[in-house]
Amino acid sequence: MAVYFPEQDPATVRQALLARPQGRLVACLCADWCGTCKEYQPGFAALAARYPDDCFVWIDVETHSDYLGEDIDIENFPTVLIQPIAGGAPQFYGTVLPHLDVLERMLARGASMGAPASDVPEVLPWLLGKVGGNG
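Letter 94 of the sequence shown, counting from 1, is numbered 94 in the UniProt record's numbering, and no numbers are missing.
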């Protein structure tokens with residue numbers, strides 16, 4: 001499967017999420033200037049191919065700060081959000097080591113929450129077009 005980019009086609013991202021109601025949103029929150037993120041992206045795409053029931057989304061936090069909120073506080077990259085597409089509490093939100101085997105183990109075993117739910121940005125509702133503008 002593909003990695004989706006909200007800035008390229010938000011409607012396609014929304015359709016991909018809706019097509020996987022039993023899957024998970026796996027969002028990498030990154031910055032275009034971040035060299036670590038650029039190195040991480042090909043492996044993130046490879047994981048997307050291994051987990052076709054999940055929806056992998058690459059989100060540039062600076063490009064989308066209007067929708068993610070000015071309070072989003074990402075100190076290190078890559079920061080990953082894993083959340084059931086059907087809704088509910090995120091399974092994980094936090095910085096991961098930039099080694100794909102770490103994220104793959106989290107996906108294979110099921111992640112556990114790394115931050116209080118109040119600290120998690122409202123990514124899923126935004127991608128589904130349920131809050132703010134979308135695009």
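A virtual CB, placed ideally from N, CA and C, is assigned to each residue, including glycine.
Would you please state the rounded distance, in angstroms, between the beta carbons of Val26 and Val80? I believe it to be under 8 Å. 7 Å
Which of helix, strand or coil DSSP assigns to Cys37: helix
So for Pro125, helix, strand or coil by DSSP? helix
Count the other C-beta atoms from every protein chain shown that fall within 10 angstroms of the C-beta of Pro10, then say buried if there are 16 or more, exposed otherwise. buried
Cβ-Cβ separation, Cys55 to residue 143 (assumed contact under 8 Å), whole Å: The requested residue 143 does not occur in the structure, where the chain is confined to residues 1 to 135.
According to DSSP, Arg24 sits in a beta bridge with which residue or residues? Pro84
Just mark Pro42 as buried or exposed, buried being the case when its beta carbon has 16 or more other beta carbons within 10 Å. exposed
Excluding the five sequence neighbours on either side, which residues of its own chain have a C-beta within less than 8 Å of the C-beta of Gln22, listed in chain order? Asp53, Ile85, Ala86
So, helix, strand or coil for Asp9, using DSSP? coil
Ordered along the chain, which non-local residues of its own chain (more than five positions away) have a Cβ less than 6 Å from that of Ile82? Arg24, Val26, Gln91, Phe92, Ala111
The beta strand (DSSP E) with Val102 in it runs from where to where? Val102 -> not in any beta strand (DSSP E); alpha helix (DSSP H) instead, spanning 100-109.
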